Amino acid sequence: MPASLRVYRQRIRSVTSTKKITRAMELIAASRIIKAQQRSREAAPYARAITRAVSALASFSDVDHPLTTERDEVRRSAVLIVTADRGLAGSYSSAVIREGDRLAERLRAEGREVVPYLLGRKGVTFYSFRKRHIEQSWTGNSDAPEFDTAAEVGQTLVDAFLAGGADGGVDEIHIVFTRFVNMVTQEPTVIRLLPVEVVDEVAEVRDEAGDDRKEALPLYAFEPDPDAVLDALLPQYIQSRIYSAMLSAAASELASRQQAMKSATDNATDLIRKLQQQANAARQAAITQEISEIVGGADALASAQSEN
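The sequence shown begins at 15 in my numbering and counts up one residue at a time.
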């Protein structure tokens, strides 16, 4: 067997083995997306309801709550960036990190110090490799987030916000995550978590057909009083928004991983086809050479016999 043919066959075996791995990872990601989408959909109604309640409370009451009041001077801004724990998900993590960098540049241009909080090992690795400061980070369950993690992150951010920028805390909080739109579209998204942005007397709701529309906020009666309701409601609101973002990011991560693995599998299939063509050409060239050598030897033998 010619050396070139042996090399082609070794490469075909290697790429075929890689293709089996990427195909398996594609199927695993596809099977987990359904559950991730279901968890995101199940959390959405509660997130919308508590957002409407907080908006109504802030709109129809005269409460001067620290979590809903704009600071006169904003010195430090917290940016929570949600990335993946593992790679092989295409540009999923790099896209959300770029969005976080754009937000940080805009905040610095406004004279604010950016305080980064990170969710996901890829973001931590990116910041650590570039020796960037990380205020606090959480890793371990980016593709299957738990509410306990969201509660811990929310409490940490609320504590930093209540401390205030002048005392080592922060004056506002942003979250950067990837919003799941559908299986082929995932959008890096920025929302301001605190102070709570009050919507005027309307709120976005989703009807039975799944379409978003504006609707006037209903009138609420707050018992025992708006202050007590806000104190109880706002921590739940913060945790709910963070958990909802984590669930949407998890579905986006799995969709990105499925697409990346499908592309890798398709590329491996194309490469195997090209290598097989090259191997066939090498085998045919070797056969042609052997036939030429046999014919040449037979001619030489015939010539020698005729001379005798």
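Glycine included, each C-beta is placed from N, C-alpha and C at the ideal position. Model, not experiment: these values are computed from the prediction.
- With a minimum length of 3 residues, the unbroken runs of beta strand (DSSP E) contained wholly in the stretch 168-220 fall at 186-194, 200-208, 216-220.
- Leu-19 sits close to Arg-297, with the two beta carbons spaced by under 7 angstroms.
- Annotated three-state conformation of Arg-126 is coil, per DSSP.
- Comparing alpha carbon positions, the residue from Gln-291, Thr-36, Pro-202, Gly-183 closest to Ala-264 is Pro-202.
- The shortest CA-to-CA distance from Ala-123 to any of Arg-112, Arg-89, Val-190, Gly-137 is the one to Arg-89.
- 7 angstroms or more divides the Cβ of Thr-153 from the Cβ of Asp-78.
- For Ala-103, there is no enclosing alpha helix (DSSP H), as DSSP gives it neither H nor E.
- Ala-278 is positioned such that its CB atom lies closer than 7 angstroms to that of Thr-36.
- Our two residues, Leu-41 and Ser-28, have alpha carbons roughly 20 angstroms apart in a direct line.
- Measuring C-alpha to C-alpha distances from Ala-274 to each of Thr-97, Ala-103, Leu-71 identifies Ala-103 as the nearest.
- Taking the Cβ atoms as the reference, Leu-176 lies roughly 17 angstroms from Arg-255, outside the contact range of under 8 angstroms.
- Secondary structure at Ser-262: helix, using DSSP grouped into helix, strand and coil.
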